[in-house]
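Protein chains in written order, with the numbering used here: chain A, 43 to 429; chain B, 82 to 371. Glycine is no exception: its CB is placed at the ideal position from the N, C-alpha and C atoms. Remember, predicted model here, so these are calculated numbers, not experimental data. Shown next, in structure tokens, is the structure this report addresses.
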Amino acid sequence: MTRKTLAPALTHALALSLVLASSTAYAQAIRIGVNEPLTGAFAASGTYVVNGAKIAADEINAKGGVLGRKIELVIEDNKSNPTEAAAVAEKLITSDKTPVLMGAWGSSLTLAVMPKLADYETAMLVETSSSGKITTSGNPYVFRISPPSSLEAETFAPMVAKLGLKKVDFLILNNDFGRGAAADFGTMLKGKGVAVGLVETMDQGAQDMSAQLSKLKASDSDTIMITSAVDQLVLIFKQMAALGLKKRVITTGGSQNPDQIIAQAGSAAEGTMHLTTFLPWFPEKTPNPQATAYFIGEWNNRGFQFAGVTESFRGYDGIRAIAQAIEKAGSAEPAAITKAFWSVDFTGLNGPIRFIKAGPAGKESGQSKPDVYLIEIRDGKVAVPTL
Amino acid sequence: MAEFYQHLLNTLVLGGTYALLGIGLTLIFGIMNVVNFTHGALYTVGAYLTYLAVAALGLNFFLALPAAILGGLVLGAAIELVLLRPLRGSDIDTTMLVMIGAGIVLQSGTLWLFGGVAKAIPTPFPEAPLQIGPVSVSWLRLFVLGAALTLIVLTYVLINRTRLGLAMRAAFQDHDTAALMGVNVRLIYTATFAIGSSLAAAAGALLGPVYVVFPQMGGMAELKAFAIVILGGLGNITGAAIGGFILALAEELGAGYISSGYRDAMGFLIIIAVLVFKPTGLFAKAERIG
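Below, the structure is given as structure tokens:
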């Protein structure tokens with residue numbers, strides 16, 4: 043071979059090996075798109091979910107993967123911004139060719155992604171969002187394992203009388219998450235004969251809620267129900283203490299990370315109550331103690347803060363549900379996976395993961411029915427109140 | 082009535098830091114004719130410096146504030162020397178674009194260094210608030226108000242009562258004549274940008290412990306600083322100080338009595354109103370710079 047022909051031949055061989063390498067890598071791993079807020083207002087929560095998802099992926103791969111292939115998470119940051127969340131979904135589906143997604147943490151983020159799922163006929167497992175609209179708007183590509191706020195309200199209903207609630211004010215995020223919660227809990231409370239007073243809102247990035255809290259302090263209600271995520275809750279509790287606002291507080295939404303609240307808000311969080319969907323403090327009380335113990339052990343091994351488990355378990359269960367759907371589908375094709383979600387059935391860390399039909403007939407979304415618990419922060423620790 | 086007094090007290094505390102932010106921005110614009118798009122990022126850097134000093138290095142909380150101010154001063158001087166000095170004389174759009182880029186670099190830098198998860202800064206103040214009749218306020222916020230007012234007064238004294246301030250005012254009025262009179266105008270520009278930057282860092286250092294610290298915290302702060310500067314008249318320091326308190330009052334009363342969902346919109350509604358009815362700002366007639 044002369045020098046002249048050597049160079050093109052080498053280039054050719056290199057190009058060929060690159061093509062082969064990329065196609066074998068593609069054939070080996072089944073890619074799962076993960077669309078979470080890793081920066082912006084919900085960075086803490088999104089990061090926890092992603093870390094939980096990684097534990098699931100590693101566990102599944104250690105056991106031989108799915109359909110004899112490894113799974114690979116393609117993780118993208120939606121920046122806590124609905125426009126970005128939709129763009130991320132599009133990128134994951136069209137460029138990364140992921141046949142199934144998990145996301146997108148917040149209700150507004152998930153709702154922004156949903157039209158893309160319909161456009162590309164690709165399913166998404168919704169791990170955290172709670173707005174009712176997600177499963178009632180007729181999108182057959184949505185499968186949710188977190189409770190909608192109506193389910194939270196339903197679980198909370200029997201406790202209303204025991205807690206002696208008379209009049210409740212709301213302080214909510216001014217988005218689908220917050221407004222959905224105020225609507226569902228408001229309806230439930232009125233049905234129980236409890237008066238609903240003020241509904242104060244705050245922006246998702248807002249740091250100073252003194253004005254809203256001053257108004258709530260002056261109202262004649264006995265309880266404030268708050269819907270937001272951990273970072274903002276910490277600020278709210280500190281600002282409540284600074285204003286001398288002492289009313290019963292119950293938070294909803296399941297993104298409170300009570301241990302982080304205890305660590306960052308200190309005594310300002312004393313006595314607050316939280317509706318949560320996981321009981322990592324009492325593994326023996328969870329529906330699947332063995333899986334809970336494994337997950338918490340693995341979380342600690344990786345050096346993550348314990349505070350994150352109430353958020354991250356959803357990423358863990360979400361990826362496990364997706365893996366089972368792929369297994370049942372028998373292929374990594376989007377259509378087959380979407381269909382197979384309906385036959386997913388196992389016990390997750392907070393109850394059975396089994397999708398029942400929700401929303402308009404013919405275009406139903408899948409909704410699983412997890413457990414919801416009420417916890418209280420007492421003496422700087424998480425306790426289950428005796429009612 | 083208690084609720085109203087509480088809103089007024091909240092306004093005072095918030096207004097102090099808003100004023101600091103506004104003064105830093107208006108100073109740089111007034112003297113250098115540079116629209117500083119790194120202002121929000123410098124605010125973020127100030128907060129992270131405090132976090133580093135208190136949480137990571139275990140420094141005394143009260144030493145962290147001067148450390149952050151010093152950090153802002155050094156970083157501001159560096160930005161001026163590296164980016165703005167070579168661009169002196171080029172049109173305002175070029176500098177604006179470079180500053181936008183520098184702002185993005187600083188913000189991404191904090192994200193890269195510290196991650197996206199918000200950090201809380203521990204403080205030595207008791208959690209129980211100070212109760213004054215029907216209203217209450219946290220000791221931390223009182224400290225923030227006191228420190229902000231002190232810094233505002235110090236800036237005022239610096240500009241009106243020192244030789245450096247005299248040179249700054251001279252350079253503002255006519256920078257060629259000032260140069261002929263022996264004023265080192267290049268040094269004045271560096272000093273101005275450094276002082277303006279340190280005020281942004283100070284605001285971040287003061288509000289960081291009140292709220293939480295995260296890489297995007299400067300975005301809204303910067304928008305508010307622009308609102309304050311427009312409100313008070315471009316380059317008008319007294320106007321910026323008063324503008325800070327007006328913005329805080331509008332936000333508090335707007336959220337308290339109109340709608341809390343539009344809290345952040347209140348400030349911008351005011352800007353629109355000012356631009357429509359008094360485009361030069363509320364205090365444009367006052368003597369600029371000082």
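Next item on the list: May I ask you to report which of helix, strand or coil DSSP gives T92 of chain B?
Entry: helix
Next item on the list: Give every residue of the same chain whose Cβ lies closer than 7 Å to the Cβ of L277 of chain A, excluding the five residues on either side of it in the sequence, and list them in chain order.
Entry: Q249 and M251
Notebook entry, point to check: What are the uninterrupted segments assigned as alpha helix (DSSP H) that are 4 or more residues long and contained completely in the stretch 224 to 256 of chain B, given in chain order?
Noted result: 244 to 254
Note to self: Quick check on this structure: which residue in A:M230, A:D211, A:A253 and A:D218 has the alpha carbon closest to the alpha carbon of V238 of chain A?
What the structure shows: A:D211
Next item on the list: Out of A:K288, A:T81, A:I417 and A:Y183, state which residue places its alpha-carbon closest to the alpha-carbon of G197 of chain B.
Entry: A:T81
Next item on the list: Measure the alpha-carbon distance for G371 of chain B versus N241 of chain B and round it to whole angstroms.
Entry: Because the pLDDT at G371 of chain B is just 46, under 50, the model does not fix this residue reliably, and the point stays unresolved.
Item checked: G313 of chain A - DSSP class collapsed to helix/strand/coil -> coil
Next item on the list: Please list the partners that H88 of chain B has in chain A, where partner means a Cβ-to-Cβ separation under 9 Å.
Entry: S252, A253, S256 and K257
Margin query: Using C-beta distances below 6 Å, list every residue in its chain close to I269 of chain B, excluding the 5 sequence neighbours before and after it, in chain order.
Written below: A248, M249 and A252
Next item on the list: Leaving aside the five residues before and after E353 of chain A along the sequence, list all residues of the same chain whose C-beta is less than 7 Å from its C-beta, in chain order.
Entry: S87, Y90, V91, S297 and N299
Next item on the list: Mind listing the chain C neighbours of M301 of chain B? Cutoff is C-beta to C-beta under 7 Å, in chain order.
Entry: Absent from the structure is chain C; the protein chains it does hold are A and B.
Next item on the list: Consult DSSP for E406 of chain A and reduce its assignment to one of helix, strand or coil.
Entry: coil
Notebook entry, point to check: Per DSSP, F185 of chain A forms a beta bridge with which residues?
Noted result: A:L167 and A:G408
Margin query: Using only the alpha-carbon positions, how far apart do N141 of chain B and P203 of chain B sit?
Written below: 11 Å
Notebook entry, point to check: Tell me which same chain residues have a C-beta within less than 8 Å of the C-beta of T66 of chain A, skipping the five on either side of it?
Noted result: For T66 of chain A, the predicted model reports a pLDDT of 47, less than 50, meaning its position is unreliable and no value from the coordinates is stated.
Checklist line | Local conformation of Y415 of chain A per DSSP, three classes | finding: strand
Notebook entry, point to check: What residues match up with M262 of chain B in a beta bridge as DSSP calls it?
Noted result: Bridge partners of M262 of chain B: none, in fact.
Next item on the list: Please classify I181 of chain B: is it buried, with 16 or more other beta-carbons within 10 angstroms of its beta-carbon, or exposed?
Entry: exposed
Notebook entry, point to check: Which value, in whole angstroms, describes the spacing of the CA atoms of A83 of chain A and T243 of chain A?
Noted result: 16 Å
Check: Would you say N77 of chain A reaches chain B, if we count a Cβ-Cβ gap shorter than 7 Å as a contact?
Finding: no
Next item on the list: Indicate whether at least one CB of chain A lies closer than 7 Å to the CB of D201 of chain B.
Entry: Note that residue 201 of chain B is Ala in the sequence shown here, rather than Asp. Yes, because at least one Cβ of chain A sits closer than 7 Å to the Cβ of A201 of chain B.
Check: Using a C-beta cutoff of 7 Å, does P210 of chain B count as contacting chain A?
Finding: yes
Check: Just by C-beta distance, which residues in the stretch 405 to 428 of chain A are closer than 7 Å to chain B?
Finding: none
Item checked: Of the residues A:P157, A:L115 and A:D387, the one placed nearest A127 of chain A, counting alpha carbons only -> A:P157
Next item on the list: Answer with buried or exposed for F143 of chain B, where buried requires no fewer than 16 other C-beta atoms within 10 angstroms of its C-beta.
Entry: exposed
Checklist line | Nearest to A286 of chain B (by Cα), restricted to the options B:G153, B:Q87 and B:I112 | finding: B:G153
Item checked: L156 of chain B versus G247 of chain A: straight-line alpha-carbon distance, rounded -> 27 Å
Notebook entry, point to check: Which residue comes first and which comes last in the beta strand (DSSP E) that contains M267 of chain A?
Noted result: T265 to T269
Item checked: Test item: CB-CB of L285 of chain A and K327 of chain A under 7 Å -> no
Notebook entry, point to check: Any idea which residues DSSP pairs M244 of chain A with across the strands?
Noted result: A:L215
Next item on the list: Could you tell me which residues DSSP pairs with P331 of chain A in its beta bridges?
Entry: DSSP lists no partner for P331 of chain A.
Checklist line | Residue closest to Y292 of chain B, alpha-carbon to alpha-carbon, out of B:L95, B:Y86, B:A331 and B:V310 | finding: B:L95
Check: Name the chain B residues whose beta carbon is nearer than 7 Å to that of Q306 of chain A?
Finding: A201
Notebook entry, point to check: Grouping DSSP H, G and I as helix and E and B as strand, with all else coil, what is E340 of chain A?
Noted result: helix
Note to self: Is E353 of chain A close to the ligand COA? I mean its beta-carbon at under 6 Å from any heavy atom of the ligand.
What the structure shows: In terms of ligand content, the structure shown is empty, and the ligand COA therefore cannot be addressed.
Check: With a CB to CB cut of under 8 Å and the five nearest residues on each side skipped, what residues in its chain are close to A154 of chain A?
Finding: P124, T125, A127, A128 and A146
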